[in-house]
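Enquirer: Using our numbering, the first residue of the sequence shown is number 36, and each one after it goes up by one.
Glycine included, every Cβ here is placed at the ideal spot set by N, Cα and C.
If you're wondering where the values come from, they're calculated on a predicted model, not measured in any experiment.
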Amino acid sequence: MLKLVRFIGLVSESIFLQFAHLFGLVAFVAAAAMGWMRLPSWLVPVLAVVCGVISDKFIDQADVTAILEKAHNANQRGGFLIVVYFVICAIGYVAGAYGRHYARSKGLPIALKK
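And the structure:
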């Protein structure tokens with residue numbers, strides 16, 4: 036149980052780092068847009084893997100990672116970043132889908148409506 040709590044804490048710290056670097060926010064907004072446009076949910080893991088690989092290989096996070104050292108060490112492993120981006124993208128997808136549902140239930144005009 037203690038290992039599960041530590042893992043959840045480490046994932047939440049890493050999510051904070053990704054949002055502080057702003058690439059996590061980009062992934063969240065992309066996933067929310069996918070949920071808003073009602074794209075298939077199997078695209079969430081695809082987006083998570085793509086964002087995780089891009090973040091691991093191409094984005095230098097040295098300027099932000101000094102905040103939390105344990106999360107920085109965990110972010111050095113590519114597989115861990117894929118788990119982090121899966122959580123970010125899943126929450127973003129659900130937020131976008133519920134946002135669309137809320138807008139329709141309140142009678143607000145929805146973009147992309149034909």
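Looking only at C-alpha atoms, which of 48, 134, 121 and 142 sits nearest to residue 62?
Expert: Measuring from the Cα of residue 62, the nearest candidate turns out to be 121.
Enquirer: Under 9 Å, do residue 117 and residue 87 count as touching if we go by C-beta distance?
Expert: Their beta carbons are under 9 Å apart, which means residue 117 touches residue 87 by this criterion.
Enquirer: Quick check on the DSSP output: the alpha helix (DSSP H) that includes residue 91 runs from which residue to which?
Expert: That run of the alpha helix (DSSP H) goes 78-93.
Enquirer: Would you kindly work out how many angstroms separate the C-alpha atoms of residue 149 and residue 139, rounded to a whole number?
Expert: Only weak support exists for where residue 149 lies, its pLDDT of 48 falling under 50; the value from the coordinates is given anyway. Straight-line Cα distance between these residues: approximately 14 Å.
Enquirer: So which of 141, 90, 135 and 125 has the shortest CA-CA distance to residue 76?
Expert: Ranking 141, 90, 135 and 125 by Cα distance to residue 76 puts 125 first.
Enquirer: Tell me which same chain residues have a C-beta within less than 8 Å of the C-beta of residue 78, skipping the five on either side of it?
Expert: So the list reads 69, once near-sequence residues are dropped.
Enquirer: Just to confirm the assignment, what range does the alpha helix (DSSP H) spanning residue 141 have?
Expert: Taken as a continuous stretch (DSSP letters only), residue 141 belongs to no alpha helix (DSSP H), as it is neither H nor E.
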